[in-house]
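All residue numbers for the sequence shown refer to this note's numbering, where the first residue is 10 and numbers rise by one. Where a beta carbon is used, it is the ideal one built from N, C-alpha and C, also for glycine.
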Amino acid sequence: MLGKLKDMFGSMKPSGASQSGGATRRSRVNLQRRFTLVALTGQGSMSRVHRAVDNQTGRVVCLKIQIPEKNEAAAARSAKTTRPPEGEISSQVIHPHVVKTFDYGQSTKGEHFLSMEFIEGVSLRYVRESHSANLGEKLELLAQAAEGLAAVHAHGFIHHDIGPQNFLVDRDQRVKLIDFGLAVPNTPLFNRPGNRTGTLQYMAPELIRREATDERLDIFSFGALAFELLTDRLPYDAGHNNSMAMLLQRINTDPLDPAVANPRLPSELTDLMRKLIARRKADRWPSMANLAEAFRSITVGAAV
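Below, the structure is given as structure tokens:
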């Protein structure tokens, strides 16, 4: 399965303590002593991500270090809704299709850090752009991704940043959900109107309208991800650089029909995709719990 993807791996360069869900929360950790940084693998506005060696255990890890001043500013903006630390959320979701958290806490310099399993793999975005999978293989990847997100919801959290960049496929074609930096508890405090966080291309209409939300915002984002993987287009195709047009589209118009975007898709699949990206959340596919089964039940014809 995914022969092109396997070939690619051959040339790729190797993405006081208390217990919580199998991970350890630590304070006052000297990161320079605890970890040997091997390579910077990612840098965002809020954090840096390194491939590192944990000098205590000897294992290779993914080490995420938050930038203090950026996170202090974000905390000040949302002072009334103190969000649990990323590690506190991710460490509770133990599932084969969710990245495993080992340790999290605060360094001696006041930096919040997160130590996770290092996944040598590629994102679902790469799978789409490289055309390295056929339809049946894509449906299996989506089923695994759906199982990971379903586990997040079952543990009482909303991911809030579902997109192809946050699902990695490892050497054995196992999908892992990563990056809980925007995740929140699925409670009235965090679902009230006003919050607008996520990646615009995959953001649910109710989030853009600053309405009250629930886990169905993740379902829409997952549907947009699936739509793009299966059709090579976004359901709201205003262009990646035209954010205002995309916002207006999401609020005022229905998404592109998947049968139009890719006429070769089976009708049962396009029916499913329409439900996933329904503009009104009341019309949307109701739960991630049975979505993996729905993807795996679709019959793929030889011509697709």
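Residue-level contact to chain B via CB, residue i, 9 Å cutoff
{"i": "Ser100", "result": "Checking the listed chains, one finds no chain B in this structure; it contains a single protein chain."}
Buried or exposed (CB count within 10 angstroms, at least 16 for buried), residue i
{"i": "Asp170", "result": "buried"}
{"i": "Gly172", "result": "buried"}
{"i": "Ser230", "result": "buried"}
{"i": "Val107", "result": "buried"}
{"i": "Gln41", "result": "exposed"}
{"i": "Val269", "result": "exposed"}
{"i": "Gln52", "result": "exposed"}
{"i": "Ala235", "result": "buried"}
{"i": "Leu278", "result": "buried"}
{"i": "Ala298", "result": "exposed"}
{"i": "Leu314", "result": "What the structure shows of the chain is the stretch from 10 to 313, and residue 314 is not part of that stretch, so it cannot be assessed."}
{"i": "Asp112", "result": "buried"}
{"i": "Thr66", "result": "exposed"}
{"i": "Ala32", "result": "buried"}
{"i": "Arg289", "result": "exposed"}
{"i": "Leu300", "result": "buried"}
{"i": "Pro94", "result": "buried"}
{"i": "Glu138", "result": "exposed"}
{"i": "Asn143", "result": "exposed"}
{"i": "Ile167", "result": "buried"}
{"i": "Thr240", "result": "buried"}
{"i": "Leu133", "result": "buried"}
{"i": "Ile286", "result": "buried"}
{"i": "Arg259", "result": "buried"}
{"i": "Pro267", "result": "buried"}
{"i": "Asn39", "result": "exposed"}
{"i": "Ser99", "result": "buried"}
{"i": "Leu49", "result": "exposed"}
{"i": "Thr110", "result": "buried"}
Inter-residue Cα distance where the pair is residue i and residue j
{"i": "Met282", "j": "Asp292", "result": "12 Å"}
{"i": "Leu128", "j": "Phe189", "result": "The question names Leu, but residue 128 in the sequence shown is Ile. Cα to Cα, Ile128 sits roughly 15 Å from Phe189."}
{"i": "Arg92", "j": "His121", "result": "14 Å"}
{"i": "Ser87", "j": "Lys118", "result": "Caution is warranted here: a pLDDT of 48 is assigned to Ser87, below 50, making its placement in the model unreliable, and the coordinate value is therefore given only provisionally. Straight-line Cα distance between these residues: approximately 23 Å."}
{"i": "Val58", "j": "Thr262", "result": "38 Å"}
{"i": "Ile74", "j": "Ser56", "result": "5 Å"}
{"i": "Trp294", "j": "Pro264", "result": "15 Å"}
{"i": "Glu302", "j": "Ala152", "result": "7 Å"}
{"i": "Lys213", "j": "Glu146", "result": "It should be noted that the sequence gives Ala, not Lys, for residue 213. About 26 Å."}
{"i": "Glu97", "j": "Arg218", "result": "29 Å"}
{"i": "Asn271", "j": "Arg34", "result": "47 Å"}
{"i": "Val47", "j": "Ala61", "result": "5 Å"}
{"i": "Ser54", "j": "Pro77", "result": "11 Å"}
{"i": "Ala192", "j": "Asn200", "result": "12 Å"}
{"i": "Ser141", "j": "Pro275", "result": "20 Å"}
{"i": "Cys71", "j": "Glu126", "result": "6 Å"}
{"i": "Asn175", "j": "Tyr211", "result": "12 Å"}
{"i": "Gly310", "j": "Pro202", "result": "44 Å"}
{"i": "Ser306", "j": "Asp246", "result": "28 Å"}
{"i": "Thr308", "j": "Asp280", "result": "13 Å"}
{"i": "His104", "j": "Gln182", "result": "16 Å"}
{"i": "Arg43", "j": "Val69", "result": "12 Å"}
{"i": "Ser296", "j": "Ala154", "result": "14 Å"}
{"i": "Val131", "j": "Leu238", "result": "14 Å"}
{"i": "Thr206", "j": "Val136", "result": "25 Å"}
Paired residues, beta bridge with residue i - DSSP
{"i": "Pro194", "result": "Phe166"}
{"i": "Val136", "result": "The partner list for Val136 (beta bridge, DSSP) is empty, contrary to what the question assumes."}
{"i": "His59", "result": "Leu49 and Leu72"}
{"i": "Ser116", "result": "Val38"}
{"i": "Met125", "result": "Cys71 and Thr110"}
{"i": "Val178", "result": "Val131 and Val184"}
{"i": "Ala287", "result": "In DSSP, Ala287 forms no bridge with anything."}
{"i": "Phe44", "result": "Asp63"}
Supposed contact pair residue j and residue i - C-beta distance, whole angstroms, cut 8 Å
{"i": "Asp63", "j": "Ser124", "result": "6 Å"}
{"i": "Leu243", "j": "Ala254", "result": "Wrong, their Cβ atoms sit about 12 Å apart, outside the cutoff."}
{"i": "Leu198", "j": "Lys185", "result": "So it is not a contact: roughly 29 Å between Cβ atoms."}
{"i": "Ser36", "j": "Gln115", "result": "5 Å"}
{"i": "Thr208", "j": "Leu216", "result": "About 11 Å separates the two Cβ atoms, so there is no contact after all."}
{"i": "Phe304", "j": "Leu148", "result": "5 Å"}
**Segment contact flag, the segment 159-167 with the segment 215-233, C-beta cutoff 8 Å, min 3 pairs** = yes
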